[in-house]
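Each residue of the sequence shown is one higher than the one before, counting from 1 in this note's numbering. Where a beta carbon is used, it is the ideal one built from N, C-alpha and C, also for glycine. Reviewing the structure listed below.
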Amino acid sequence: MEHFEIIKMTIDILLVMAVMGLALCFAKSSSKGLDKQAGKIIELAGMLKNLVKQADSSGRSLNDQLLKRRSEMEKLLYEIESVESRINNSITSAEEQRSLLEIQAEKSKAQVSFSDRPSPSRGSDYDSPYSDERPGNYSVAYDSPASLNPHNSYSSAYSNSSIPQTQRVAEPASFNNSSYSYAPITKAKSHSSTNIYGEVLEEPSRQTAYGLNKQLEKTREPSKYERGFSESMQEIYEVAENLLNAGMDIRSVAARTKLPASEVQMLARMVKQESESRHQEVEEREEVVNSSQAEHDPRLGVLGGMRRLRQTL
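Dropping the structure here:
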């Protein structure tokens with residue numbers, strides 16, 4: 001019995017030793033596989049680190065490039081805005097200079113036109129504008145009574161003229177005491193003639209004193225000096241007439257055109273008479289047309305229909 005127990009113990013010891021040997025072999029084989037996988041893992045970790053470093057460097061470079069491009073774009077935008085502001089400033093300055101040049105040109109034209117005007121003193125070749133007899137070389141223009149008004153700008157501006165003063169004709173101080181008298185215009189009844197069809201026959205156009213003076217100026221060939229003087233005065237009077245038609249008062253027109261107030265007053269009367277005469281002609285024609293329509297003869301038949309058709313056309 002004792003030998004049997006010893007055999008059991010030896011067998012158990014042998015089994016334990018075999019299990020331990022197997023465990024050692026398995027451990028050795030597993031350790032070798034782990035060593036191989038650990039090397040691969042280390043290599044992969046190194047590759048990942050390199051990739052991360054490369055990505056970081058490339059991101060930094062891209063960020064730097066984007067910042068550079070952004071700064072360049074901002075510089076370009078700033079330059080464009082500065083150029084635009086300069087262009088706008090140059091345009092505004094050019095417009096201001098143009099307006100100043102236009103004003104200076106108008107002033108120079110006015111000065112040249114007034115410098116071409118002779119002295120208001122009249123020589124032996126000139127006569128009073130209110131007299132009926134005029135010399136042959138006299139240009140019909142509007143002469144001012146500047147000799148009687150020492151405070152007039154026209155006489156003060158041309159008092160030092162080189163034209164010899166041989167004779168000075170006295171003129172009335174104002175147009176209220178002049179030899180010309182303007183009777184009030186009264187509306188007369190229309191006596192315009194009509195034909196059998198009731199059509200109004202055209203009458204010769206009425207001419208005012210201003211238009212008659214223009215025709216008298218065209219009837220004769222003026223001299224070189226008189227031509228320049230009459231042209232400059234004609235331009236000045238046309239400007240004054242336009243200002244009066246625009247509704248400007250006499251004082252402002254006289255101050256703007258450098259003409260005496262008496263001449264501007266006379267021109268205003270002429271303009272008023274001309275407008276009233278035109279208005280009267282229009283009213284007379286309307287009255288004639290209305291009367292012809294009211295006095296329609298039904299016996300005309302087709303002729304009356306033709307006349308009405310012409311009037312409607």
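* **Residue from T257, E284, S61 whose Cα sits closest to the Cα of K107** => T257
* To do: Alpha carbon to alpha carbon, how far is E95 from N88? Give it in angstroms, no decimals.
  => Straight-line spacing of the CA atoms in N88 and E95 works out to 11 angstroms.
* Going straight from the alpha carbon of R60 to that of L77, what length do you get? -> 26 angstroms
* Answer with buried or exposed for L243, where buried requires no fewer than 16 other C-beta atoms within 10 angstroms of its C-beta. => buried
* Neighbour-count burial assignment, L267, 16 or more Cβ in a 10 Å radius -> buried
* To do: Using the Cα positions of A338 and I250, report the straight-line distance between them to the nearest angstrom.
  => Here the chain covers residues 1 to 313 and nothing more, so residue 338 does not appear.
* **Pick from S232, R70, L22, E284 that is closest to L259, judged by C-alpha positions** => S232
* To do: Measure the Cβ-Cβ separation of V253 and V264 and say whether it is below 8 angstroms.
  => yes
* To do: With a 10 Å radius around its C-beta and 16 neighbouring C-beta atoms as the bar for buried, classify A27 as buried or exposed.
  => exposed
* Asked: First and last residue of the alpha helix (DSSP H) that includes A255?
  -> 250-257
* To do: Quick one: residues in its chain with C-beta nearer than 6 angstroms to the C-beta of E74, no 5 flanking neighbours on either side, listed in chain order?
  => none
* N50 versus I42: straight-line alpha-carbon distance, rounded -> 12 angstroms
* For A246, which three-state DSSP category applies? -> coil
* Which value, in whole angstroms, describes the spacing of the CA atoms of V83 and R70? -> Each residue's Cα considered, the two are about 20 angstroms apart.
* Asked: Count the other CB atoms within 10 Å of the CB of V288; is the residue buried (16 or more) or exposed (fewer)?
  -> buried
* Asked: By a C-beta neighbour count over all protein chains shown, 10 Å radius and 16 as the cutoff for buried, is I236 buried or exposed?
  -> buried
* **Rounded C-alpha distance that separates M20 from G46** => 39 angstroms
* Asked: If we cut at 8 angstroms on Cβ distances, does V16 have a partner in chain B?
  -> In the structure shown, chain B does not exist; there is a single protein chain.
* Can you give the Cα-Cα distance for A23 and E5, rounded to whole angstroms? -> 27 angstroms
* Asked: Given A255, which residues of its chain have a CB within under 6 angstroms of its CB, disregarding the five upstream and five downstream residues?
  -> none
* Length of the line joining the Cα atoms of A314 and L101 -> Outside the shown range of the chain (1 to 313) lies residue 314, about which nothing can therefore be said.
* Asked: Expressed to the nearest angstrom, what Euclidean distance is found between the alpha-carbon atoms of R134 and Q104?
  -> Low confidence applies here, because R134 scores a pLDDT of 42, under 50, leaving its location unreliable and the question unanswered by this model.
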